[in-house]
Structures are given as C-alpha cells and as structure tokens.
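Worksheet: the structure to be examined is printed underneath.
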Amino acid sequence: MRPRWLEFDLGPGTVAEDYARSNGRIIHQVMTTPVISAPPGASIADIVDLMMQHRINNVPIVDRERVVGIITRTDLLLVLIRAMPKQGTTPPDDDLIRNAILAELQSQTWSGGDLIDVRVSDGLVELKGAIVDERQRKAAIVAAEKVAGVGQVKDGLLLSTDPFGDGFEAAKKAGTPSRVPLVLLPSHIV
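In the working numbering, the protein residues as written are -5 to 184.
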C-alpha cells in the first residue's frame, strides 16, 4: 500500500498497472513484458544493470531463443557474499592467488592433479595444461574465478582427444597449434 501523495506523483496509469499485476488471476495480467533476458556469456555486472534498469528480480538466460537458465537476486547475493574478502584481510598478491587456485584445483578429483598450471599477473589468471573433458574447463575456470583478487581468467587449456596417446599428434589432429603436448605428466613422475 502506497501513501496517497505518491499515487498522485506516479499517475493513474502506473497505479492501475500495479493494481492489475498485484491482483491478476491470469498469467498475462501479472507477467512482465517485454521479456528482459540475457545471453549465457553475460557478466554479473550486465545482469545487475538489467535488474536495476528494468526493476525486475529475475533474468532468464536465453541461448538461440531457448531458455537455458534463470538468474535471481538471490543468486547474485550468493555470488557477492562468496566474493567478499573476509573482514581484516588485505587483497592477495599474485603468488597468493596462484597458490590458492592450485590448492583448489589439486583438492578436486576432476582436475587431474598437476595437469593444470596457473600463471597470475596483476590479477589476470591464465590456465594452462591439459583436460580430457570439456566440463573440466568450465570447472577450472570457476575454481579460478572464485579466488579473491582474480580479475579475469584466460583459458589456455587444451582438450586431449587421446589422453593416452601422443599429445603432439593429438594437437595436430585437433588443429590446435601447440608446442606443449596435450597429455602432460605430473611433475613428481617426470
């Protein structure tokens, strides 16, 4: 319920629209139009801008005219909470960022242990090494992005189609010019 003076300021059209949306019984009476959506590659900042600009709480994620997900304000709050540094901490330097990412990767069974290397320069993270499944790429990027101090993650991971064969040959067949074999041995084995 709004104060009466605010209703005069908003005008009868806005007040009537709010009433219909609040009391409607049919979907078209309560839904937001036009549909405000974002592509899967949109940044968190883009989503926040859309929500603020259009005063909406949810943004459907659409890929090739197909809804593939939805981002809610709750999702954004969870991202914000996880990204906030603990009280009293200072921003980490590149070595601390690298060590935190490596520790996270090595603690995950999907990462292949030492198969993924991390380079960090001024908060820019570069992931290098080999993966045998595309889902490892996404997980490695997420593992890097969640570390405090990371500004951007550059994906330099190579997909090995033949994890037990010759990495150089697999790179040639895949059309990936590389000086590094796609299948790397952990440093403690070499």
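Yeah, the Cβ is synthetic: ideal placement off N, Cα and C, and Gly gets one too.
message = Quick check on N51: does DSSP put it in helix, strand or coil?
response = If you number the sequence shown from 1, residue 51 lands on position 57. Correct three-state label for N51: coil.
ask   = Roughly how many whole angstroms lie between the Cα atoms of G143 and D116?
value = Counted from its first residue, the sequence shown places residue 143 at position 149. Counted from its first residue, the sequence shown places residue 116 at position 122. Rounded to whole angstroms, G143 to D116 spans 9 Å at the Cα level.
ask   = Where does G107 sit, in a helix, a strand or coil, going by DSSP?
value = Looking up residue 107 in the sequence shown gives position 113. When secondary structure is reduced to three states using DSSP, G107 falls in the helix class.
query = Taking all protein chains shown into account, do 16 or more other C-beta atoms lie within 10 angstroms of the C-beta of S105, making it buried, or fewer, making it exposed?
reply = As a first step, residue 105 is located in the sequence shown; it is residue number 111 there, counting from the start. Burial check for S105: the Cβ neighbour count within 10 Å reaches 16 or more, so the residue is buried.
ask   = Would you say V119 faces chain C, with C-beta separation under 7 Å as the test?
value = No chain C appears in this structure, which consists of one protein chain only.
key: Segment limits, beta strand (DSSP E) that includes K148   = As a first step, residue 148 is located in the sequence shown; it is residue number 154 there, counting from the start. Run containing K148: 146 to 153, per the beta strand (DSSP E) assignment.
key: Range of the contiguous beta strand (DSSP E) that encloses I64   = On the sequence shown, residue 64 is found 70 positions in, with the first residue counted as 1. That run of the beta strand (DSSP E) goes 60 to 66.
key: Which residues DSSP lists as bridging V29, in chain order   = In the sequence shown, the residue the question calls residue 29 occupies position 35. Beta-bridge partners of V29 (DSSP): none assigned.
request  = Kindly indicate the opening and closing residues of the beta strand (DSSP E) around K122.
outcome  = In the sequence shown, the residue the question calls residue 122 occupies position 128. If you look at K122, you'll find it in the beta strand (DSSP E) that goes 118 to 125.
query = Can the beta-carbon of N52 be found less than 7 Å from the beta-carbon of I41?
reply = Translated into the one-based positions of the sequence shown, residue 52 becomes position 58. Translated into the one-based positions of the sequence shown, residue 41 becomes position 47. For N52 and I41, no; Cβs fall outside 7 Å.
query = In chain order, what residues of the same chain have a beta carbon less than 8 Å from the beta carbon of P122, not counting five sequence neighbours either side?
reply = Here residue 122 corresponds to residue number 128 of the sequence shown, with the count starting at 1. In the sequence as displayed, the identity of residue 122 is Lys instead of Pro. Contacts found: I110, D111, V112, R113, G150, L151, V174.
message = Please state the DSSP three-state secondary structure of S115.
response = Taking the sequence shown and counting its residues from 1, the one referred to as residue 115 is at position 121. Secondary structure of S115 (DSSP, three-state): strand.
task = Apply the 10 Å Cβ neighbour rule to R60 and answer buried if 16 or more other Cβ atoms are within range, or exposed otherwise.
result = On the sequence shown, position 66 is the one that residue 60 refers to. The residue is exposed, with fewer than 16 neighbouring Cβ atoms inside 10 Å.
Alpha-carbon spacing of R67 relative to I75, whole angstroms = Along the sequence shown, read from residue 1 onward, the residue named residue 67 stands at position 73. Along the sequence shown, read from residue 1 onward, the residue named residue 75 stands at position 81. CA-CA distance, R67 to I75, rounds to 12 Å.
ask   = For I95, which residues from the same chain have a beta carbon less than 6 Å from its beta carbon, with the 5 sequence-adjacent residues on both sides left out?
value = Here residue 95 is taken as the residue at index 101 of the sequence shown, counted from 1. Counting only Cβ-Cβ distances below 6 Å, and skipping sequence neighbours, we find V112, A138, V141.
message = Rounded to the nearest angstrom, what separates G145 and V119 at their Cα positions?
response = Residue numbering aside, residue 145 sits at position 151 when the sequence shown is read from its first letter. Residue numbering aside, residue 119 sits at position 125 when the sequence shown is read from its first letter. If I take the Cα positions, the gap works out to 8 Å.
ask   = Buried or exposed: where does R92 fall if 16 or more other Cβ atoms within 10 Å of its Cβ makes it buried?
value = Taking the first residue of the sequence shown as position 1, residue 92 is located at position 98. Classification of R92: buried, given that the 10 Å Cβ count is 16 or more.
query = Near K148, which residues of its chain fall below 8 Å by C-beta distance, leaving aside the five closest residues on each side in sequence?
reply = Your numbering for residue 148 matches position 154 in the sequence shown. Cβ neighbours of K148 beyond the five flanking positions: L118, V119, E120, L121.
key: Span of the alpha helix (DSSP H), counted from its first residue to its last, around K132   = Locating residue 132 in the sequence shown gives position 138, counting from the first residue. Counting along the chain, the alpha helix (DSSP H) containing K132 begins and ends at 128 to 139.
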